[in-house]
Amino acid sequence: MLPPVPPASALLHWYDRHRRALPWREPIRDPYRIWLSEVMLQQTTVAAVAPRWRRFLDRFPSVQALAAAPWEDVAAEWAGLGYYARARNLHACARAVAARNGFPDTVSELRALPGIGAYTAAAVAAIAFDRPVVPLDGNVERVTSRIHAVEEALPGARPRLAALAQRWMEQPEAAGRPADFVQALFDLGATVCTPRNPACVLCPWQAGCAGRRAGIAGTLPRKLPKRERPTRRGVHFLLRDGRGHVLLQRRPPKGLLGGMLGLPGTPWRAEGWDPAEALAHAPRPGLDWHALPGEARHGFTHFELRMTLLAATLPPGEAAESVNGEWWNPADAAGVLPGVMQRLLALAEAAGAVASPAQGA
DNA sequence: AACTCGGGGAC
DNA sequence: GTCCCAGAGTT
Numbered sequence: 001m002l003p004p005v006p007p008a009s010a011l012l013h014w015y016d017r018h019r020r021a022l023p024w025r026e027p028i029r030d031p032y033r034i035w036l037s038e039v040m041l042q043q044t045t046v047a048a049v050a051p052r053w054r055r056f057l058d059r060f061p062s063v064q065a066l067a068a069a070p071w072e073d074v075a076a077e078w079a080g081l082g083y084y085a086r087a088r089n090l091h092a093c094a095r096a097v098a099a100r101n102g103f104p105d106t107v108s109e110l111r112a113l114p115g116i117g118a119y120t121a122a123a124v125a126a127i128a129f130d131r132p133v134v135p136l137d138g139n140v141e142r143v144t145s146r147i148h149a150v151e152e153a154l155p156g157a158r159p160r161l162a163a164l165a166q167r168w169m170e171q172p173e174a175a176g177r178p179a180d181f182v183q184a185l186f187d188l189g190a191t192v193c194t195p196r197n198p199a200c201v202l203c204p205w206q207a208g209c210a211g212r213r214a215g216i217a218g219t220l221p222r223k224l225p226k227r228e229r230p231t232r233r234g235v236h237f238l239l240r241d242g243r244g245h246v247l248l249q250r251r252p253p254k255g256l257l258g259g260m261l262g263l264p265g266t267p268w269r270a271e272g273w274d275p276a277e278a279l280a281h282a283p284r285p286g287l288d289w290h291a292l293p294g295e296a297r298h299g300f301t302h303f304e305l306r307m308t309l310l311a312a313t314l315p316p317g318e319a320a321e322s323v324n325g326e327w328w329n330p331a332d333a334a335g336v337l338p339g340v341m342q343r344l345l346a347l348a349e350a351a352g353a354v355a356s357p358a359q360g361a
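Letter 53 of the first sequence, counting from 1, is numbered 53 in UniProt numbering, and no numbers are missing.
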């Protein structure tokens, strides 16, 4: 016996009155803009994405412009947004799309492109091309688990939730407006069916919500317990030249912060480092490396990092080109670095080891 | 199926 | 402090 389907007409009517005004929803339906927004929104909040989406479009107005850009420019524009594999795949995807003269308009062809998984393929197909498919994101997982009172925990429940939500799209009212129906689900999850304290009294689907009837809506979806985050430690190196510029190095293309600039440093590990041991990783051995006071902390998804900083100055007369890396004005570097590396620069500024942007202004 | 992979905002 | 966000790729 299949469960009853909540009425698409009620949700669409609610959406027509209460939908969020988001920059990528206006005024034209451009697959490039929609795809870019979907990739940026992966595990990232609307508030964080909105200004970065506009700036990215200003710099790379079309998929052809993005495809033609060098990686260094894309990395600098993505700096601070996190999950840098997204930027690498975005760039590769742009080149593939430009080579085939535009985005494909089917789920299966979209799914085959770099950085486009099950969710993003369905989202672009529905929103850009009005294909009647429901993308399963955190919002839809939450709405679906509540409407149908699914008590099985994530991620195991994901296939069941996807099938249940897809059935909603089979209604003629939904299939007639796929892009609106999908975005209505997102908006319902973001503004009414929220993770904590859902506003059920405002919900257009409250009458058909099994989770609400059972009094468990606010506790769904259930999730398996997550592992605790270990602590890792590292030592990084602040090398200055005679002009007060600092040495940055491009990180390897894969792995953590892959392809991004950063301060050179030791590996990050559970045990602490004694100075002599750390100095073996210095970008220029034999200098008077001295520790700056304090430490920088940064939380990653699966570990917490504590970093200390050793500083030194390149001897006068020694060519900056003798050291592997790039020399950057600290005030400029902050804009092209991942957040964790910005923390290190902030620590250096607090110690007076580099000029602060406020002093330069 | 379990891990890796960032950062920030809301609470 | 915790949770979670318009998740994807690798092993």
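Every residue gets a Cβ at the ideal spot worked out from N, C-alpha and C, and that includes glycine.
Since the structure is predicted, the reported quantities are computational estimates derived from the model, not experimental observations.
- Annotation for Ala121: Val107, Leu110, Arg111 place their beta carbon closer than 6 Å to its own, counting only its chain and skipping 5 residues before and after.
- The beta carbons of Leu292 and Ala311 sit closer together than 8 Å.
- Between the stretch 212 to 223 and the stretch 246 to 253 there are fewer than three C-beta pairs closer than 8 Å, too few to call the two in contact.
- Looking from the CA of Gln183, the closest CA among Ala355, Gly352, Trp24, Pro252 belongs to Trp24.
- Check the Cα spacing between Val49 and each of Arg306, His302, Ser37, Phe60: the tightest is with Ser37.
- C-alpha of Leu279 to C-alpha of Asn329: approximately 24 Å in a straight line.
- Contact between the stretch 9 to 16 and the stretch 91 to 103 is absent: fewer than 3 CB-CB pairs across the two stretches fall below 8 Å.
- Here Glu141 is near Leu154, since their CB atoms are less than 8 Å apart.
- Restricted to the stretch 215 to 286, the beta strand (DSSP E) segments that are unbroken, complete and at least 3 residues in length are 231 to 240, 246 to 250, listed in chain order.
- Arg59 and Glu72 do not touch by the CB rule: their CB atoms are close to 13 Å apart, not below 8 Å.
- Put simply, of Thr191, Gly208, Cys193, Met341 the residue whose alpha carbon is nearest the alpha carbon of Ala79 is Met341.
- The beta carbon of Tyr84 sits closer than 8 Å to those of Ala75, Trp78, Leu257, Gly258, Gly259, Met260, Pro338, all from its chain and outside the five residues before and after it, given in chain order.
- Going by DSSP, Thr191 is part of the alpha helix (DSSP H) stretching over 178 to 191.
- Per DSSP, the beta bridge partners of Trp327 are Leu247.
- Only buried fits Thr308, as 16 or more other CB atoms lie within 10 angstroms of its CB.
- Taken through DSSP and simplified to helix, strand or coil, Gly211 comes out as helix.
- Boundaries of the alpha helix (DSSP H) around Ala128: 118 to 129.
- Our two residues, Val192 and Ala355, have alpha carbons roughly 47 Å apart in a direct line.
- For the pair Pro230 and Thr301, the Cα-to-Cα distance works out to about 10 Å.
- Under the three-state reduction of DSSP output, His290 falls in the strand class.
- Residue pairing for Leu310: DSSP places it in a beta bridge opposite Phe237, Ala291.
- By the Cβ neighbour-count rule, Asp288 is exposed, with fewer than 16 other Cβ atoms within 10 Å of its own.
- If you draw a 10 Å sphere on the C-beta of Val150, you find 16 or more other C-beta atoms in it, and that means buried.
- DSSP, read as helix, strand or coil, puts His298 in strand.
- Counted as a single uninterrupted DSSP element, the alpha helix (DSSP H) harbouring Gly339 occupies residues 339 to 350.
- DSSP, reduced to helix, strand and coil, places Leu202 within a helical segment of the structure shown.
- Boundaries for Ile28: no alpha helix (DSSP H) harbours it, and the DSSP string shows neither H nor E there.
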